[in-house]
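Structure first, commentary second.
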Amino acid sequence: MRKGFLLVCGVAVLVAQPLVQNVAHAAATGWSAAACGAEPTMPSLDVSSVEHYNASVDKATTYEKAARAYNSCVAKTANKEETAISNDAREKIAHIHEGSAAVQKHIAANFTRMTAALKAGSAKFGGASH
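The sequence shown begins at 383 in our numbering and counts up one residue at a time.
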């Protein structure tokens, strides 16, 4: 049972290899988490014999552990950096919002004063409007 399951896993790894290589290549050209070290390299697998297959299963298992640890580190680092950027943006937005709200409040107060002055003038001149 184990050999059959591992054979299926081995085939899945071989089929997914081009996809994994493309993703790794895309990741290599953008942002990276320097503190996490280098991304583990997917091993070459040989399924030409039982012995080579078993060795390949061991390589795949070792790679899987290293890749999961690396991925976890990258995810934590990205989350930390994204949170810092988000907090910085929130502070900048708050500053802009406060300035905008102050202008809106000032203009609203001006409108209130103008309306009061015009109502007083209208009452003074007998309610006539222009």
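No residue lacks a Cβ here, since even glycine has one placed at the ideal position from N, Cα and C.
Would you say the segment 442–458 touches the segment 474–485, given that touching needs at least three Cβ pairs under 8 angstroms? When Cβ pairs closer than 8 angstroms are counted between the two stretches, the segment 442–458 is seen not to touch the segment 474–485, the count staying below three.
Distance, Cα to Cα, S431 vs P422? In the sequence shown, residue 431 corresponds to position 49, counting from 1. In the sequence shown, residue 422 corresponds to position 40, counting from 1. Approximately 25 angstroms between the Cα atoms of the pair.
Can you tell me whether DSSP reads M424 as helix, strand or coil? Position 42 of the sequence shown holds residue 424. In the displayed model, M424 falls within coil according to three-state DSSP, outside both helix and strand.
For W413, tell me which candidate among Q486, N461, A491 and T494 has the shortest Cα-Cα distance. Here residue 413 corresponds to residue number 31 of the sequence shown, with the count starting at 1. When Q486, N461, A491 and T494 are compared, the shortest CA-CA separation from W413 is found for N461.
Local conformation of S430 per DSSP, three classes: Indexing the sequence shown from 1 puts residue 430 at position 48. Correct three-state label for S430: coil.
CB contact flag (C418, T465, <9 angstroms): Your numbering for residue 418 matches position 36 in the sequence shown. Your numbering for residue 465 matches position 83 in the sequence shown. With contacts defined as CB atoms closer than 9 angstroms, C418 and T465 fail to qualify as a contacting pair.
Report all residues from its chain with a CB closer than 8 angstroms to the CB of T444; omit the five preceding and five following residues, and keep chain order. Translated into positions along the sequence shown, residue 444 becomes position 62. Excluding sequence neighbours, T444 sits near P425.
May I ask you to report which of helix, strand or coil DSSP gives A471? Taking the sequence shown and counting its residues from 1, the one referred to as residue 471 is at position 89. Note: A471 maps to helix in three-state DSSP.
Classification of S438 by the beta-carbon crowding that lies within 10 angstroms, buried from 16 upward: The residue you call residue 438 lines up with position 56 of the sequence shown. Under this definition S438 is a buried residue.
On the criterion of 16 or more Cβ atoms from any shown chain inside 10 Å, does A498 qualify as buried, or is it exposed? In the sequence shown, residue 498 corresponds to position 116, counting from 1. So A498 counts as exposed.
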